[in-house]
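Participant:
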Amino acid sequence: MKINPKNGIDKLIFGMKQNDVTAIYGKPDRNYKDEDDNVIFAYNKLKMRLTFYVEEDFKLGYIVASSPELDLFGNKVINRKISDVKKDLAAKGITKFTQEEFDTFENYFNEENWIIFQTEFDEVVKFEIGAIINQKDQFDWKFGKK
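Under our numbering, think of the first position of the sequence shown as 93, with each following residue one higher.
What follows is the structure in structure tokens.
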């Protein structure tokens, strides 16, 4: 499953509606609302959780994934050492990361591409990607754009 920075993962494109997603991947294994009334789809087989933002007319705006099939610029990311992943990204000009620690987990956040690598014991265990916020402080929806 190819990660497309600023756009989404695989066939998922930021700005899609729930019916666009179910047309591609079928019904989610879980479908619920979070504390902000956003709609969450969880797909067990894909190992992905999708967030559709209530304040944005329920457009897909955030993806959390942990599939070992995730591929960024031709390299797998899950279960790899964060130092190796960062080395691969540096070759593509992605070098700025904000690091946060929580217990045994660490998050490496790159704001320019709105991506987070969550690590535990120095290996990437989870990947998060969100829709980009543009200069006008609005979401830069990619779905439907040519």
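Virtual Cβ for every residue (Gly too), placed ideally from N, Cα, C.
Please list, in chain order, all residues of the same chain as residue 121 whose beta carbon is under 7 Å from its beta carbon, the five residues on each side excluded.
Facilitator: Start at 1 with the first residue of the sequence shown, and residue 121 comes out as number 29. Hits under 7 Å: 134, 135 and 136.
Participant: Out of 103, 141, 108 and 225, which one is the CA nearest neighbour of residue 236?
Facilitator: The sequence position of residue 236 within the sequence shown is 144, counting from 1. Closest option to residue 236, Cα to Cα, is 108.
Participant: Tell me, please, which residues DSSP counts as bridged to residue 220.
Facilitator: The residue given as residue 220 occupies position 128 in the sequence shown. Its beta-bridge partners are 156 and 208.
Participant: Which value, in whole angstroms, describes the spacing of the CA atoms of residue 214 and residue 206?
Facilitator: As a first step, residue 214 must be located in the sequence shown, where it is residue number 122. As a first step, residue 206 must be located in the sequence shown, where it is residue number 114. For residue 214 and residue 206, the distance between alpha carbons rounds to 21 Å.
Participant: Note down the Cα distance separating residue 224 from residue 140, rounded to an integer number of angstroms.
Facilitator: What you label residue 224 is simply residue 132 of the sequence shown in a count that begins at 1. What you label residue 140 is simply residue 48 of the sequence shown in a count that begins at 1. Residue 224 and residue 140: Cα-Cα distance of roughly 19 Å.
Participant: Can you name, in chain order, every residue of its own chain whose Cβ lies under 7 Å from the Cβ of residue 128, other than the five neighbours on each side?
Facilitator: Numbered from its first residue, the sequence shown carries residue 128 at position 36. So the qualifying residues of the chain are 146.
Participant: Just mark residue 102 as buried or exposed, buried being the case when its beta carbon has 16 or more other beta carbons within 10 Å.
Facilitator: Along the sequence shown, one-based indexing puts residue 102 at 10. Buried, because 16 or more other Cβ atoms sit within 10 Å of the Cβ of residue 102.
Participant: Taking the straight line between their C-alpha atoms, what separation do you get for residue 94 and residue 204?
Facilitator: Along the sequence shown, one-based indexing puts residue 94 at 2. Along the sequence shown, one-based indexing puts residue 204 at 112. Going from the Cα of residue 94 to the Cα of residue 204 covers about 19 Å.
Participant: Tell me whether residue 232 sits in a helix, a strand or coil according to DSSP, three-state version.
Facilitator: For this step, residue 232 is matched to residue 140 along the sequence shown. The answer is coil: DSSP assigns residue 232 none of H, G, I, E or B.
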